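Data first, discussion second: the structure below is written as structure tokens.
Number of protein chains: 2
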Amino acid sequence: MPKIEDVARHAGVAPSTVSYVLSGKRAISEETRQRVLRSVRVLGYQPHAGARALASNRSNVVALVIPLRSGMHVPVIMQFAISVVTAARQFDHDVLLLTQDEGVKGLQRVAGTALVDAIIVMDVELQDQRVPVLRELQRPSVLIGFPDDAEGLTCIDLDFAATGAVCLQHLADLGHRRVALIGSPPEVYKRETGFATRLADGFKLAASRAKVAATVHPCEATPLAAHAVVATLLRDHPDLTAVVVHNEAVVEPLLAAFANAGRSVPDDLSVVAVCPDELAERAHPGLTSVAIPAEEIGRQAVNLLMTKLNGGLVPDDTLLQPRLVRRASTSKPRK
Amino acid sequence: MPKIEDVARHAGVAPSTVSYVLSGKRAISEETRQRVLRSVRVLGYQPHAGARALASNRSNVVALVIPLRSGMHVPVIMQFAISVVTAARQFDHDVLLLTQDEGVKGLQRVAGTALVDAIIVMDVELQDQRVPVLRELQRPSVLIGFPDDAEGLTCIDLDFAATGAVCLQHLADLGHRRVALIGSPPEVYKRETGFATRLADGFKLAASRAKVAATVHPCEATPLAAHAVVATLLRDHPDLTAVVVHNEAVVEPLLAAFANAGRSVPDDLSVVAVCPDELAERAHPGLTSVAIPAEEIGRQAVNLLMTKLNGGLVPDDTLLQPRLVRRASTSKPRK
DNA sequence: TCGAACCGTCGAAGCGCTTCGACAGTTCGA
DNA sequence: TCGAACTGTCGAAGCGCTTCGACGGTTCGA
Numbered sequence: 299m300p301k302i303e304d305v306a307r308h309a310g311v312a313p314s315t316v317s318y319v320l321s322g323k324r325a326i327s328e329e330t331r332q333r334v335l336r337s338v339r340v341l342g343y344q345p346h347a348g349a350r351a352l353a354s355n356r357s358n359v360v361a362l363v364i365p366l367r368s369g370m371h372v373p374v375i376m377q378f379a380i381s382v383v384t385a386a387r388q389f390d391h392d393v394l395l396l397t398q399d400e401g402v403k404g405l406q407r408v409a410g411t412a413l414v415d416a417i418i419v420m421d422v423e424l425q426d427q428r429v430p431v432l433r434e435l436q437r438p439s440v441l442i443g444f445p446d447d448a449e450g451l452t453c454i455d456l457d458f459a460a461t462g463a464v465c466l467q468h469l470a471d472l473g474h475r476r477v478a479l480i481g482s483p484p485e486v487y488k489r490e491t492g493f494a495t496r497l498a499d500g501f502k503l504a505a506s507r508a509k510v511a512a513t514v515h516p517c518e519a520t521p522l523a524a525h526a527v528v529a530t531l532l533r534d535h536p537d538l539t540a541v542v543v544h545n546e547a548v549v550e551p552l553l554a555a556f557a558n559a560g561r562s563v564p565d566d567l568s569v570v571a572v573c574p575d576e577l578a579e580r581a582h583p584g585l586t587s588v589a590i591p592a593e594e595i596g597r598q599a600v601n602l603l604m605t606k607l608n609g610g611l612v613p614d615d616t617l618l619q620p621r622l623v624r625r626a627s628t629s630k631p632r633k
Numbered sequence: 299m300p301k302i303e304d305v306a307r308h309a310g311v312a313p314s315t316v317s318y319v320l321s322g323k324r325a326i327s328e329e330t331r332q333r334v335l336r337s338v339r340v341l342g343y344q345p346h347a348g349a350r351a352l353a354s355n356r357s358n359v360v361a362l363v364i365p366l367r368s369g370m371h372v373p374v375i376m377q378f379a380i381s382v383v384t385a386a387r388q389f390d391h392d393v394l395l396l397t398q399d400e401g402v403k404g405l406q407r408v409a410g411t412a413l414v415d416a417i418i419v420m421d422v423e424l425q426d427q428r429v430p431v432l433r434e435l436q437r438p439s440v441l442i443g444f445p446d447d448a449e450g451l452t453c454i455d456l457d458f459a460a461t462g463a464v465c466l467q468h469l470a471d472l473g474h475r476r477v478a479l480i481g482s483p484p485e486v487y488k489r490e491t492g493f494a495t496r497l498a499d500g501f502k503l504a505a506s507r508a509k510v511a512a513t514v515h516p517c518e519a520t521p522l523a524a525h526a527v528v529a530t531l532l533r534d535h536p537d538l539t540a541v542v543v544h545n546e547a548v549v550e551p552l553l554a555a556f557a558n559a560g561r562s563v564p565d566d567l568s569v570v571a572v573c574p575d576e577l578a579e580r581a582h583p584g585l586t587s588v589a590i591p592a593e594e595i596g597r598q599a600v601n602l603l604m605t606k607l608n609g610g611l612v613p614d615d616t617l618l619q620p621r622l623v624r625r626a627s628t629s630k631p632r633k
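As structure tokens, this is what we get:
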């Protein structure tokens, strides 16, 4: 592998000049610049990452901590990860993958060894052990999700309260007077990852404002649980004309269960789902839905991080507004 | 951040001694060792990754290239990734995440800048542009999947031919005389990722050996396509008593379609699926299945890589044997 | 016409670690 | 009893890059 010195010799300049050409941190005459760049190309020079990191105190790597098991759906995590990698590359950074099971230790390790310049943490819980650690660490970070105490931290997420509200409002606008929210498994509410609760709260608040009767029903991620919830729902609320589903795993089973019970969508029942567009599109009928903008969250998280790395200021909280896409599963209730 | 020199001073030894204590590359008296380790603990010393990489010519980072869109199911990719990270950590290595869209350039970058010591590539295609590059690169690598020309490369994967054979054999043993393989989308066969074709070949070969009538039916990953395949199948082969499904996305729709057509599982139709256990377990009835041992492949891939990094020899090809788990979806055909 | 200000480049220091050779001090076999 | 072989430790030389200050050469305003 050629080193900077080889390039310098080849171009007839000093190593420092090569460095400045490559970094653009000092003015270099166009002529010299071209000559150096040509030598770089001819020799196939690539700077040694370790040497660069040592000298510049920047590794150009960011850490991404992904959750293992969780209320988050796996494909969404993947989308995040991919968009983070893609976005990071645009800033000439790479992404180091950490799993949550390394926990606090992992963060301390990658930060303490200067392996990474900055950290993105996905799936932050309300009481997250890592939050105080991130605050102490001398590295910028961005959290995806909101902990209880977000003081001094940069957080980003979909605005789940607004999402709950938007779903309900859409149904209220269509004329529905009784709506149920079929939610995440009970442990997700307990674990207090926050987003499930916030969505439910937004949903209920919007309902009371719109004078719509609304109830919330947690639901395990199994077809059986889905059937049970549907049975309960139809028994307790015969006047139910619409549901909001915030639990990807049971979207299909729920549709099946309602079909079984003789309720056809959207004629007898309107359905709004909070799920990836892909799932909403391939369901029958196509589901009116709000997707988690994983790609956008990832991209924005990286943008925030890069701004911080460059000494810029960023807002503490970034809430992305939900976008409801209307498809075939919602309509006016039958009189 | 304390440096090695600080530790050395604190322990009353030379920096090199600290280094040797930490690396174990030279004998150090137990007494000195303890004293140094204590200083390390007291000062909270963590070696600077860049400096270490520069001096030792080892970054202790491996690259993992993940596919973007592909015939592989996303949760399986995730499982891979997680097991690779976990396994790598056991060897004190970290994992840099690359996406396939950076392609050959990405490999050349991370290898050329010495950012990583070694590379794992997932979802290798039969004619993969990256294969020749990996061969040239001065870094060990492991491919998950088999390219056409694997000469000089280390590859690992589930033995798909054996998988096809095992599925068929299980059905043949039960007494089925006509079996269909419902496979991946046509483009997966075209793209020639290999595994779909190999599974089909193993399936057909086993069928001819067992004197079972067998056909192969590619299927798009949509419920509609699933229904269409089922219709065709039942019309063309009324004597069909069993199917093997190698297409996770349509497992549920297929079951629904067969149910619709009045075929109940396993009484009228036995079903073997190649899919994650999780999916097989939660289906109704529980599906006899072969899972892709993502976790094991990831772990083994890392083991192979580490052996190579340490100068060890490894087999060119590693084929993991399929394990068929019998559940409720297969039984003897009705007479 | 002269000093100030700037431009483009260079040389050298240093980032924090590993590793090689050297060197006392000890052990051991002949 | 003496040299050989070993043990445990040290010092110094880099690893390949960035960056700071310096410096000769121009340019420009007064």
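Line order of the protein sequences matches chains A and B. Position 286, counted from 1, in the first sequence is what the numbering used here calls 584; the numbers after and before it change by one each time, with no gaps. Position 70, counted from 1, in the second sequence is what the numbering used here calls 368; the numbers after and before it change by one each time, with no gaps. Even for Gly, the Cβ is constructed at its ideal location relative to N, Cα and C. In this text the structure is predicted, and so the values were computed from the model without any measurement.
| Asked | Found |
| --- | --- |
| Can you tell me which of the three DSSP states Cys465/A falls into? | helix |
| Can the beta-carbon of Ala508/A be found closer than 8 Å to that of Leu466/A? | yes |
| Three or more C-beta pairs under 8 Å: does that hold for the region 429-445 of chain A against the region 467-479 of chain A? | no |
| To the nearest angstrom, how far is the alpha carbon of Val311/A from that of Glu423/A? | 54 Å |
| Between which two residues does the alpha helix (DSSP H) carrying Ala379/A extend? | 372-388 |
| Where do the ends of the alpha helix (DSSP H) carrying Arg307/B lie? | 302-309 |
| What is the rounded straight-line gap between the Cα of Asp455/B and the Cα of His371/B? | 15 Å |
| Below 8 Å on the Cβ atoms is my contact criterion, and I expect Ala554/A with His346/B to pass it. Report the Cβ-Cβ distance as a whole number of Å. | Incorrect: roughly 57 Å between the Cβ atoms, too far for contact. |
| Name, please, each residue of chain B whose Cβ falls closer than 7 Å to the Cβ of Ala412/A. | His346, Ala347, Gly348 |
| Put Val338/B into one of helix, strand or coil per three-state DSSP. | helix |
| Report yes or no: is there a C-beta of chain A within less than 8 Å of the C-beta of Glu423/B? | no |
| Jot down the residue ranges of each uninterrupted alpha helix (DSSP H) in the region 423-453 of chain B, minimum 4 residues, whole runs only, in chain order. | 428-434 |
| Does the beta carbon of Val305/A sit closer than 8 Å to a beta carbon anywhere in chain B? | no |
| Along the beta strand (DSSP E) that carries Arg476/B, what are the first and last residues, could you check? | 476-480 |
| Does the region 387-402 of chain B come into contact with the region 571-587 of chain B, if we say contact requires no fewer than three beta-carbon pairs (one atom in each stretch) closer than 8 Å? | no |
| Pair every Cβ in the region 321-328 of chain A with every Cβ in the region 372-382 of chain A, then say whether three or more of these pairs are closer than 8 Å. | no |
| Please name the residue or residues paired with His515/A in a DSSP beta bridge. | Ile480/A |
| Output, in sequence order along the chain, the residues in the region 372-383 of chain B whose CB is closer than 8 Å to any CB in chain A. | Val372, Pro373, Ile375, Met376, Ala379, Ile380, Val383 |
| If I measure Cβ to Cβ from Phe556/B and keep anything under 7 Å in the same chain, skipping five residues before and after, which residues do I get? | Val528, Val563, Leu567 |
| I'd like to check one pair, Thr491/A with Asp614/A: are the Cβ atoms closer than 8 Å? | no |
| I believe Cys517/A touches Ala524/A by the beta-carbon criterion, under 8 Å. Please report the beta-carbon distance rounded to the nearest angstrom. | 6 Å |
| Can we count Glu303/B as close to the ligand HEM, meaning its CB is less than 7 Å from some heavy atom? | As far as ligands go, the structure on display features none, and thus does not contain the ligand HEM. |
| Indicate whether the contact test is met: 3 or more Cβ pairs, each with one atom in the region 396-406 of chain A and one in the region 426-433 of chain A, closer than 8 Å. | yes |
| Below 7 Å on C-beta distance, what does Ser562/B contact in chain A? | Those do not exist, as Ser562/B stays about 16 Å from chain A at its closest Cβ, beyond 7 Å. |
| According to the neighbour-count rule (16 or more other Cβ atoms, all chains shown, within 10 Å of its Cβ), is Asp457/B buried or exposed? | buried |
| Taking the straight line between their C-alpha atoms, what separation do you get for Leu352/A and Leu341/B? | 21 Å |
| Taking the straight line between their C-alpha atoms, what separation do you get for Pro373/A and Glu449/A? | 30 Å |
| Out of Gly462/A, Gly560/A, Gln398/A, Ile595/A, point me to the one whose CA is closest to Lys502/A's CA. | Gly462/A |
| Can the beta-carbon of Val588/A be found closer than 8 Å to that of Val464/A? | yes |
| If contact means a Cβ-Cβ distance below 8 Å, which residues of the region 381-403 of chain B contact chain A? | Val383, Thr384, Arg387, Asp392, Val393, Leu394, Leu395, Leu396, Thr397, Asp399, Glu400 |
| Check the Cβ of Ser357/A against every Cβ in chain B and list those closer than 8 Å, keeping chain order. | Ala347, Gly348 |
| Does Thr586/A come within less than 8 Å of chain B when only Cβ atoms are used? | no |
| Taking C-beta to C-beta, are Arg625/B and Ala578/B nearer than 8 Å? | yes |
| Among the candidates Leu362/B, Tyr487/B, Ala361/B, whose CA atom is the shortest distance from the CA of Gln425/B? | Tyr487/B |
| Does any residue of chain B have a CB that is nearer than 8 Å to the CB of Arg428/A? | no |
| When the cut-off is 8 Å and only beta carbons count, does Ala351/A lie next to chain B? | yes |
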